[in-house]
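Data first, discussion second: the structure below is written as C-alpha cells.
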Amino acid sequence: MLSSFIARRHLFCRKSHSVINLIAGVSVVAVAVPVMALVVILSFHNGLSDFIREMYSEFDAELRVTPRTGSGFDAEALRARIEPLPEVAAVSVVAEQNVLLTHGGRQWIAAMRGVDSLYHEVIPIERRLVQGQYRLQHGGLDEGVFGQGVAYALGLSGGLIEPVQVYAIRPGRGGATASFLPVSLYRTAALRPAGIYALDEQTDSRYLFVPIALARRLTGIGEGRGTSLEIRLAEGISPERGQRAVAAVAGDDFDVKTRFQQKETVYRMVTQEKWIIYLLLMFVVLIAALSLVGTVVMLAADKERDREMLLAMGGTPGLLRRVFTWEGAWITAVGVELGLALGVGFALAQQRWGLIRMAGEAFLMEAYPVRIEAADLAAVGFGVLLLGTAIGAATAAGVIGRK
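Residue numbering for the sequence shown follows the numbering used here, starting at 21 and increasing by one per position.
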C-alpha cells in the first residue's frame, strides 16, 4: 500500500535524523511503557487467580450435594447410589454445624466440620497444614485440625495436650446465648488439637475438622446422616458432566453445585476485576497515546515539502491523510511491539527469579505468581493499536483538512 510505504519511509529511513524523529521515538516509549504495565499487571492477576483457585480446590470439593430443605439427610444411602457412577472417584460424608469453642479462658464461635475417613481423598487439606498433622483420632481420643485463625483466637499450638472444649446447641435450642453455657442447652466434648492449617483469613478463622462420629453425637443428627456429600470426580471428567450425572441420581430434593458455584461470588469478582483493571489501564494508555497528536502534527509540518511534491505529482488530500494515519499506526505498532516484549520479559523474569516478593508468609509463598496468557497479549496489542491508530487518523484528518 502506497500510503503505508511512504509513512514507513518517513519514520524509518536511515537518512532521516531530526528532532521530529526523536519526538517520534518518545511517542513510541510513551506507548510501550503502559503496554508493558498492562502485560505485567494482567500476568500477575492471572497468577493470583490461579493461586486462589488452587487454594480453594484444597478446601472446596469439585461437587457438593446438599438438601434443598432441612439441614440433614440420609447421607450414607445417597452415597451408596452415587459412588458407583463412572464419573465419580470418591465421595465423603460431612456433618457441619456452628459450635462454641473454649480454651484457657478464651471463647470462639466456629464451624465444626465432621468428616469421615474418605475426606482426605476428596479434599487434600493436609497440604495446607502449617503445624502438626492431619489426624482426627489417636489412642481412642478425638482430635481436631484447626484453622490458623481459630487457633490464634484460642491460643492453640500443634501438639497441645490440654483439650479444647466444644459446645454444640442441642436441637430445638436455637435461642441459647453463646456467652452463657447452661448444660441443659448444650452437648459438649473435649477435643485435642492435632494440627493447624492455613488457607485464607475468612476460611481458617472459621473452620475446624473433627471426626464425623463426634459431630453426629454433638449435633444429634443421627447415625448415617450428614449435611452434605463432598465429591471428587474421576480423571478427565468435567465439572458440568459430573454435575449432570450426580444430579440425575440425587433427584430434585438436592442441590448439586460445582466448585465455581460454591464460590461463585469470589470467582466472578476475580474475573470481573481483571477486565476492570484492563479498562482502567487503557485510560492510562489513552493519555499516553495523546502524545501522538503532537508527533503527527510536527511530522506533517516537517514534511511540508514532501506533501507539496505528492500533490504536484497527482496525490490527493485523502492520500496525505492516509500517510499520516499510517505514521500514527506505525508509531503505535512499534510501541506495542516493544511494550509486549518488555512485559513478557519481565513476567518471565518474575516467574524464574521471583523479583517481586510477598510481604510475610500470609500466602505460604515467597514471590508473586504470574501466568502469561496469549489472549491477554492479543487484547492489549489489539486494543492499544486500535486506539493509537484512531488518534493518528483523527489528527491527520484535522491537520490535512485545514491545509
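Here a beta-carbon is modelled for each residue, glycine too, at the ideal position from N, C-alpha and C.
On the premise that residue j lies in contact with residue i, defined as a C-beta separation below 8 Å, what is that separation, rounded to the nearest angstrom?
{"i": "Val266", "j": "Leu83", "result": "6 Å"}
{"i": "Leu105", "j": "Val269", "result": "7 Å"}
{"i": "Ala367", "j": "Ser63", "result": "4 Å"}
{"i": "Gly408", "j": "Val55", "result": "About 10 Å separates the two Cβ atoms, so there is no contact after all."}
{"i": "Leu219", "j": "Phe93", "result": "With a Cβ gap of about 27 Å, Leu219 and Phe93 do not count as contacting."}
{"i": "Thr352", "j": "Gly412", "result": "7 Å"}
How many Å lie between residue i and residue j at the Cα?
{"i": "Gly242", "j": "Ile232", "result": "11 Å"}
{"i": "Gly159", "j": "Leu211", "result": "13 Å"}
{"i": "Pro213", "j": "Gly164", "result": "5 Å"}
{"i": "Pro87", "j": "Asp272", "result": "9 Å"}
{"i": "Ala188", "j": "Val111", "result": "26 Å"}
{"i": "Gly45", "j": "Ser258", "result": "50 Å"}
{"i": "Gln281", "j": "Ala349", "result": "44 Å"}
{"i": "Leu301", "j": "Ala414", "result": "22 Å"}
{"i": "Ala198", "j": "Leu120", "result": "Any answer about Ala198 is weak, because its pLDDT of 46 lies below 50 and its placement is not dependable; what the coordinates show is given next. Their Cα atoms are separated by approximately 7 Å."}
{"i": "Trp346", "j": "Gly338", "result": "12 Å"}
{"i": "Ile145", "j": "Ile72", "result": "15 Å"}
{"i": "Gly403", "j": "Thr285", "result": "28 Å"}
{"i": "Gly169", "j": "Lys283", "result": "20 Å"}
{"i": "Thr278", "j": "Glu250", "result": "10 Å"}
{"i": "Val305", "j": "Ile43", "result": "17 Å"}
{"i": "Gly175", "j": "Val85", "result": "34 Å"}
{"i": "Ser24", "j": "Ile61", "result": "33 Å"}
{"i": "Arg391", "j": "Ala97", "result": "43 Å"}
Go ahead and pull the three-state DSSP assignment for residue i.
{"i": "Glu146", "result": "helix"}
{"i": "Asp224", "result": "helix"}
{"i": "Ile61", "result": "helix"}
{"i": "Gln153", "result": "coil"}
{"i": "Ala198", "result": "At Ala198 the pLDDT is 46, less than 50, meaning the model places this residue with poor confidence; the figure from the coordinates comes in the next sentence. The answer is coil: DSSP assigns Ala198 none of H, G, I, E or B."}
{"i": "Ile241", "result": "coil"}
{"i": "Glu182", "result": "coil"}
{"i": "Ser177", "result": "coil"}
{"i": "Gly125", "result": "coil"}
{"i": "Arg207", "result": "strand"}
{"i": "Leu234", "result": "helix"}
{"i": "Arg190", "result": "coil"}
{"i": "Glu255", "result": "coil"}
{"i": "Gly159", "result": "coil"}
With distances taken from CA atoms, which of the options is nearest residue i?
{"i": "Gly152", "options": "Ile216, Glu163, Ser112, Gly169", "result": "Ile216"}
{"i": "Gly244", "options": "Arg99, Ala44, Glu74", "result": "Arg99"}
{"i": "Phe166", "options": "Gly134, Ser91, Leu306", "result": "Gly134"}
{"i": "Ala131", "options": "Val304, Thr247, Leu58", "result": "Thr247"}
{"i": "Ile297", "options": "Ala50, Ala57, Gln185, Asn41", "result": "Ala57"}
{"i": "Arg237", "options": "Arg101, Val85, Tyr206, Val419", "result": "Tyr206"}
{"i": "Ala410", "options": "Leu360, Val186, Ala321, Ser311", "result": "Ser311"}
{"i": "Ala395", "options": "Val49, Leu42, Ser47, Asn66", "result": "Asn66"}
{"i": "Trp295", "options": "Val400, Ala235, Glu107", "result": "Val400"}
{"i": "Gln263", "options": "Ala95, Ala81, Ser177, Leu161", "result": "Ala81"}
If you scan the stretch 273-360 from start to end, which runs of the beta strand (DSSP E) of 3 or more residues do you find wholly inside it? 274-278
Ignoring anything shorter than 4 residues, give me the alpha helix (DSSP H) runs that lie fully in the stretch 377-416, in order along the chain. none
At which residue ranges does the stretch 46-118 contain complete alpha helix (DSSP H) runs of 4 or more residues, listed in the order of the chain? 95-102
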